[in-house]
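Residue numbers (the working numbering): 13 to 417.
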């Protein structure tokens, strides 16, 4: 019986890997943006056409690549981030698997230009379906520009499963926001079909949120921060009155990596439990910093899921941090059901009528030295100090029976 198990050609293996790593144009955008961040860029520009189906181009001013590195970055399992298995638990960068660029090159026409700051000439590399078409020196700016054209050109089934341009553009915007939010110090821009969508200068975390989601968020954000020996939580929550009916702006970042974590989401939602209706969802932008050895980021191909060594501890301090922010800013409502609604105004004053000057009411005919039988017991009066002081001598002699002098 002849042997039937054979090694797959690299091009086929890369296409299979691409099915896990590059699910849609937004996946390629994510990988390119993260590589630009890891390259130490201070400015990153994204250009897309036809929702990324025709063109995805990312330009950065990072460290650039040599001719050898340019070729190696498109090889499968080639990376500068890790060298041994132990490095998987000390990862400080975004990309580390060494699969993304090889997967992209397997299903698209790729043109890459890169130059290091020390070299005078850069390198231009062209690849189509994992096949190297050309590699030659070229003049270019320091940094890297990678253009992905005709995505899924050799995988028509995958291309046919893509959504409408509007839906795919929405996914690209989401990936762009995730990278831009956690790196406010980097300037970002995005252009779609020749129209500038975002132009974000390097700024602070709050200003970056406002720059992406609008000026209204400047008054909606509340700071959150809690630091312990094992974790540092910081970021912003949105005031409860601006909660949305859908899961909108909910962003968790762990060591500057966007993640999805239902357990931690419950911690934030539970902190808002008495402030939001059951059909509303809180918005938040929260960054968690922990030791790399305390998390495992290698459990999902897209790296959007992580495992914490002690998730319950992170849950507890996250919940406490959000509660504390709400308490400091006096957002918790207090209701007294026994209070008259008309008196529930500032300083306890009536809701209408204004403030009146207090008056003094007294009976000018009242004499405290008169006998009790001379006046009704039920009649009340106030003391007339002026009248009593004038007749005190007469009253004294009448009461004691002594003659007047």
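Note that the Cβ used here is the ideal one computed from N, Cα and C, for glycine as well. Predicted model, so just to flag it, every value in this text is computed and none were measured.
Exercise. Would you tell me roughly how many angstroms separate the C-alpha atoms of residue 125 and residue 134, rounded to the nearest one?
Key: 7 Å
Practice problem: Go ahead and pull the three-state DSSP assignment for residue 214. | Solution: coil
Quiz item: Looking only at DSSP bridge pairs, what is residue 269 linked to?
Solution: Note: residue 269 sits in a beta bridge opposite 266.
Quiz prompt | For residue 209, the three-state DSSP class (helix, strand or coil) | solution = strand
Quiz item: Looking only at DSSP bridge pairs, what is residue 124 linked to?
Solution: 137 and 158
Quiz prompt | Minimum C-alpha distance to residue 75 - residue among 82, 51 and 60 | solution = 51
Quiz item: If we call anything under 8 Å between Cβ atoms a contact, is residue 334 one with residue 184?
Solution: no
Practice problem: Could you give the DSSP three-state label for residue 227: helix, strand or coil? | Solution: Here residue 227 sits in helix by DSSP.
Exercise. List the endpoints of the continuous alpha helix (DSSP H) containing residue 5.
Key: Residue 5 cannot be examined here, being either before or after the span of the chain that is shown, 13 to 417.
Quiz item: In chain order, what residues of the same chain have a beta carbon less than 6 Å from the beta carbon of residue 229, not counting five sequence neighbours either side?
Solution: 221 and 222
Exercise. Measuring alpha carbon to alpha carbon, tell me which of 147, 163 and 140 ends up nearest residue 83.
Key: 147
Exercise. Check residue 175 in the structure and name its three-state DSSP category.
Key: coil
Quiz item: In the DSSP assignment, what are the bridge partners of residue 204?
Solution: 60 and 207
Quiz item: Nearest-angstrom Cα distance between residue 282 and residue 274?
Solution: 12 Å
Quiz item: The beta strand (DSSP E) with residue 196 in it runs from where to where?
Solution: No beta strand (DSSP E) contains residue 196, which DSSP labels as neither H nor E.
Quiz item: In chain order, what residues of the same chain lie with their CB nearer than 6 Å to the CB of residue 204, ignoring the 5 residues before and after it?
Solution: 60
Exercise. Give me the Cβ distance between residue 57 and residue 159, rounded to the nearest whole Å; I'm assuming they're in contact under 8 Å.
Key: That pair is no contact at about 12 Å.
Quiz item: Below 8 Å, can you find three or more Cβ-Cβ pairs linking the region 209 to 216 to the region 62 to 70?
Solution: no
Quiz prompt | Inter-residue spacing [alpha-carbon to alpha-carbon] between residue 46 and residue 127 | solution = 18 Å
Self-check item: As assigned by DSSP and simplified to three states, the class of residue 42
Solution: helix
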